[in-house]
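Chains as they are written, first to last, in our numbering: chain A, 1 to 357; chain B, 1 to 318.
Beneath this line is the structure, given in structure tokens, with notes to follow.
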Amino acid sequence: MHRLKKIFATDSYIVPLVAIVMGFLVGAIVMLIGGYDPVAAYSALFKRVFGSPYDFGEAIREMTPLMFTGLAVAFAFRSGMFNIGADGQVLIGMTAATLVGIQLAGLPSFLLVPLAVIAAGLAGGLWAGIAGYLKAKRGINEVITTIMLNWIALYLSNYIVRNFLLLKGQNRSEDIPASLSMTFLNGVFDNARVHWGTAIAICAAIFFYVYLWKTKQGYEMRAVGLNPNAAEYAGMNVGRNVVKAMFISGAFAGLAGAGEVLGVFHYQSVFAASPGYGFNGIAVALLGLTHPLGVILAAILYGMLTYGAAGMSFGADVPPELIRIVIGSIIFFIAAQGIVRWVLKPFYLKRKKEKVS
Amino acid sequence: MDLLTLGQLLNTTLVFSTALIFAALGGIFSERSGVVNIGLEGLMMFGAFAAAVGGHYAQDAGLGAWAPWVGVLCAMAVGVIGSLIHAVASITFKADQTISGTVINFLAAGSTLYMVKLFFDGAGESPLIDGFKKVSVPVLSKIPVIGEGIFNSYPTTYLAIILVIVIYFVLFKTPFGLRLRAVGEHPSAADTLGVNVKRMRYVGVMLSGLLAGIGGATITLTTTGTFAHNTISGQGFIAIAAMIFGKWNPLGAFGAAVFFGFSQAIRNYVQLFEWSKNIPQEFIFMIPYVLTIIVLVSAVGRSSAPKALGEPYDPGKR
Chain A
1 MHRLKKIFAT
11 DSYIVPLVAI
21 VMGFLVGAIV
31 MLIGGYDPVA
41 AYSALFKRVF
51 GSPYDFGEAI
61 REMTPLMFTG
71 LAVAFAFRSG
81 MFNIGADGQV
91 LIGMTAATLV
101 GIQLAGLPSF
111 LLVPLAVIAA
121 GLAGGLWAGI
131 AGYLKAKRGI
141 NEVITTIMLN
151 WIALYLSNYI
161 VRNFLLLKGQ
171 NRSEDIPASL
181 SMTFLNGVFD
191 NARVHWGTAI
201 AICAAIFFYV
211 YLWKTKQGYE
221 MRAVGLNPNA
231 AEYAGMNVGR
241 NVVKAMFISG
251 AFAGLAGAGE
261 VLGVFHYQSV
271 FAASPGYGFN
281 GIAVALLGLT
291 HPLGVILAAI
301 LYGMLTYGAA
311 GMSFGADVPP
321 ELIRIVIGSI
331 IFFIAAQGIV
341 RWVLKPFYLK
351 RKKEKVS
Chain B
1 MDLLTLGQLL
11 NTTLVFSTAL
21 IFAALGGIFS
31 ERSGVVNIGL
41 EGLMMFGAFA
51 AAVGGHYAQD
61 AGLGAWAPWV
71 GVLCAMAVGV
81 IGSLIHAVAS
91 ITFKADQTIS
101 GTVINFLAAG
111 STLYMVKLFF
121 DGAGESPLID
131 GFKKVSVPVL
141 SKIPVIGEGI
151 FNSYPTTYLA
161 IILVIVIYFV
171 LFKTPFGLRL
181 RAVGEHPSAA
191 DTLGVNVKRM
201 RYVGVMLSGL
211 LAGIGGATIT
221 LTTTGTFAHN
231 TISGQGFIAI
241 AAMIFGKWNP
251 LGAFGAAVFF
261 GFSQAIRNYV
271 QLFEWSKNIP
281 QEFIFMIPYV
291 LTIIVLVSAV
301 GRSSAPKALG
311 EPYDPGKR
């Protein structure tokens, strides 16, 4: 009990919570200015998420890739890198899962599904590893390479789908026989597309925590992230850690791709533009303060908001884009903690005075 | 199908490059002062949106050929306002600059579409406007190839090229430029010598908003004519790449931006040839991005970012 009190007394937990409330307030003000009813809009948002088992399941589906890409971006952050390329890594992972799932369709599913998932993780990891390698060996800024690799991934995966996996006459691949769907939950969630990816994502978050904070390798990685020069002086191989960190980061993103094609769509589309998983991942990582537990919570919040946004436009006629303003504001307040502390200041003073008397 | 001439290829290259040049120049101002600006994409979005809306109302008001310029002014203003969010968070409140830049991207994506729907009765894009017309420079436009390629462009393209030179001189030949760079390289030394670090950084970030705003505006005013959710899709990030590629130097960034514009243009150009039918279109689309990586690997060594880039200035810290 005492420990619990301590946790809630520290700033680090209060600030994000206050930031979330302030973000919603900003959204409400923007709605008021636009002549909408914020109360109706927010209640429509939550009704959409919690209104029916189907919607709740679909909201979970929405959260899953965000967990993965959030973890991917956060992991790279912890190792001192900015991975803007989660988007491309998701696509490459997707393509690998689709490719394995369709080409090796003869295998029994207890072999086929794990193979497809592993292929996705490996492919995403190797794709990000390119950026890591170029940074380690040639000193090329990973921001620029991952941006370029996003576009290359988009076209490469479209090429593979269109030339090797295409369903005749359609702009998508054939159906993938491998499936990650949790069909046994169909009754509970009314056929919402829930899948094992969610469980894998939570395992990934646990791996993230254990690896970075409980192993020697993770310690090195964090040291490189905090100060590469000091790490090198201490005898750590900075280049190898950079490549490894990017590989793990990309593997997380690749798994998101596996979840989407094997668990949700069961085929892969030809994408006209980047689907944007990676950019949402940046927001999730930042919301979650780049800590695995935080990332999972942030993905839940973010997934709820984006899924609920559609309900907001049905229920209260508010453009769903509003939710991006809310999310942007929340991240803003979390980043600029000074503002939140300033808002909280009167409360702190009050508390101190009470103690004195 | 008539074959595009070399002049036309050059001309298309410049059309694609213009927005990138503006945004990359903006990025240079911000990052030279020590503030990472991952928010260029969002700032361009603000600019594209403001230009579409401002241009639309100016056109309705009967301003005719001046309407696009009103759009540019609006884009500059909104770009600066957007960049102030970044400046307040990252300079005054010492927030992580990458995070507050990402915030700009989010707020821009959300608020611009929200406002488009608000202004135009729930429509997904702003009404189509006329935008800029190409202007031929007398005499010079008669030169073969170059005349058609360069001296028959949109006014914004001329402005971009002039600005590259002006900004080069401002950065490297004026006291202001020296101070701006000093603040980005070694803020405490600059502070000791009496430069107001925070103010300089504010100026740098606001200039980046102004220029990225114009960059966004050129896209609506010369290419699309409207603002929709996909008007700005990645150009800001390409501009960041151009800035890094060009080593935070206006001339370098200009070269890189033209390179990206050229690879965009050539991708349309190549498709006109018969032999290109044998190459899958996806590989043609990939050209610019693969080329960039190859050029980076072979040509440039360690990237030379401003030393204090990304660090909030804290006078009490050693």
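C-beta atoms are modelled at their ideal positions from N, C-alpha and C, and glycine is treated no differently.
Per DSSP, residue i forms a beta bridge with which residues?
{"i": "residue 166 of chain A", "result": "A:173"}
{"i": "residue 152 of chain B", "result": "B:136"}
{"i": "residue 195 of chain A", "result": "A:181"}
{"i": "residue 269 of chain A", "result": "A:172"}
What residue does the alpha helix (DSSP H) around residue i start on, and which one ends it?
{"i": "residue 184 of chain A", "result": "Unbroken run through residue 184 of chain A: none, as it is neither H nor E."}
{"i": "residue 52 of chain A", "result": "It is not in any alpha helix (DSSP H) - residue 52 of chain A carries neither H nor E in the DSSP assignment."}
{"i": "residue 100 of chain B", "result": "97–119"}
{"i": "residue 187 of chain B", "result": "187–192"}
{"i": "residue 56 of chain B", "result": "40–60"}
{"i": "residue 312 of chain A", "result": "292–316"}
{"i": "residue 279 of chain B", "result": "First-last for residue 279 of chain B: undefined, no H or E at that position."}
{"i": "residue 111 of chain A", "result": "109–138"}
{"i": "residue 249 of chain A", "result": "238–258"}
{"i": "residue 90 of chain A", "result": "86–103"}
{"i": "residue 206 of chain B", "result": "197–218"}
{"i": "residue 217 of chain A", "result": "216–226"}
{"i": "residue 359 of chain A", "result": "Absent from the structure is residue 359 of chain A, since the part of chain A shown begins at 1 and ends at 357."}
{"i": "residue 282 of chain A", "result": "277–287"}
Exposed or buried, residue i, counting other C-beta atoms within 10 Å across all chains shown (16 or more means buried)?
{"i": "residue 169 of chain B", "result": "exposed"}
{"i": "residue 117 of chain B", "result": "buried"}
{"i": "residue 328 of chain B", "result": "Past the edges of chain B, shown from 1 to 318, lies residue 328 of chain B, and the structure says nothing about it."}
{"i": "residue 314 of chain B", "result": "exposed"}
{"i": "residue 360 of chain A", "result": "Coverage of chain A is limited to positions 1 through 357, which leaves residue 360 of chain A absent and any answer about it impossible."}
{"i": "residue 151 of chain A", "result": "buried"}
{"i": "residue 49 of chain B", "result": "buried"}
{"i": "residue 342 of chain A", "result": "exposed"}
{"i": "residue 109 of chain A", "result": "exposed"}
{"i": "residue 16 of chain A", "result": "buried"}
{"i": "residue 7 of chain A", "result": "Its pLDDT being 49, under 50, residue 7 of chain A is placed unreliably in this model, and the coordinates cannot settle the point."}
{"i": "residue 105 of chain B", "result": "buried"}
{"i": "residue 166 of chain B", "result": "exposed"}
{"i": "residue 283 of chain A", "result": "buried"}
{"i": "residue 59 of chain B", "result": "buried"}
{"i": "residue 294 of chain B", "result": "exposed"}
{"i": "residue 67 of chain B", "result": "buried"}
{"i": "residue 340 of chain A", "result": "buried"}
{"i": "residue 39 of chain A", "result": "exposed"}
Let me know the secondary structure DSSP gives residue i once reduced to three states.
{"i": "residue 86 of chain B", "result": "helix"}
{"i": "residue 263 of chain B", "result": "helix"}
{"i": "residue 33 of chain B", "result": "coil"}
{"i": "residue 396 of chain B", "result": "Limits of chain B in this structure are 1 at one end and 318 at the other, which puts residue 396 of chain B out of reach."}
{"i": "residue 233 of chain B", "result": "coil"}
{"i": "residue 190 of chain A", "result": "coil"}
{"i": "residue 226 of chain B", "result": "coil"}
{"i": "residue 146 of chain A", "result": "helix"}
{"i": "residue 169 of chain B", "result": "helix"}
{"i": "residue 245 of chain B", "result": "helix"}
{"i": "residue 358 of chain A", "result": "Past the edges of chain A, shown from 1 to 357, lies residue 358 of chain A, and the structure says nothing about it."}
{"i": "residue 145 of chain B", "result": "coil"}
{"i": "residue 311 of chain B", "result": "coil"}
{"i": "residue 8 of chain B", "result": "helix"}
{"i": "residue 71 of chain B", "result": "helix"}
{"i": "residue 94 of chain B", "result": "coil"}
{"i": "residue 2 of chain B", "result": "Residue confidence is low: residue 2 of chain B scores 46 on pLDDT, short of 50, so the model does not pin down where it sits. Its coordinate-derived value is still stated next. Reduced to three states, the DSSP call for residue 2 of chain B is coil."}
{"i": "residue 74 of chain A", "result": "helix"}
Quick one: does the C-beta of residue i sit closer than 8 Å to a heavy atom of the ligand COA?
{"i": "residue 169 of chain B", "result": "The ligand COA is absent from the structure shown, which contains no ligand whatsoever."}
Point to revise | Meets three-Cβ-pair contact criterion under 8 Å: the segment 251–263 of chain A and the segment 31–46 of chain A | key: no
Check your understanding: Between the segment 74–92 of chain A and the segment 303–315 of chain A, do three or more beta carbon pairs fall short of 8 Å?
Key -> no
Check your understanding: Within the chosen definition, does the segment 108–128 of chain B reach the segment 317–332 of chain A through at least 3 CB pairs nearer than 8 Å?
Key -> yes
Exercise for review: Spell out a yes or no on whether the segment 230–238 of chain B and the segment 71–79 of chain B are touching, meaning 3 or more CB-CB pairs, one atom from each, closer than 8 Å.
Suggested key: no
Exercise for review: Give a yes or no on contact between the segment 240–258 of chain A and the segment 63–77 of chain A, applying the rule of three or more CB pairs nearer than 8 Å.
Suggested key: yes
Check your understanding: Contact between the segment 80–94 of chain B and the segment 206–217 of chain B: three or more CB pairs below 8 Å?
Key -> yes
Exercise for review: Check whether the segment 19–32 of chain B touches the segment 251–271 of chain B, counting contact only when three or more Cβ pairs, one atom from each stretch, lie closer than 8 Å.
Suggested key: yes
Check your understanding: Are the segment 109–118 of chain A and the segment 235–250 of chain A in contact at 8 Å, needing three or more beta carbon pairs?
Key -> no
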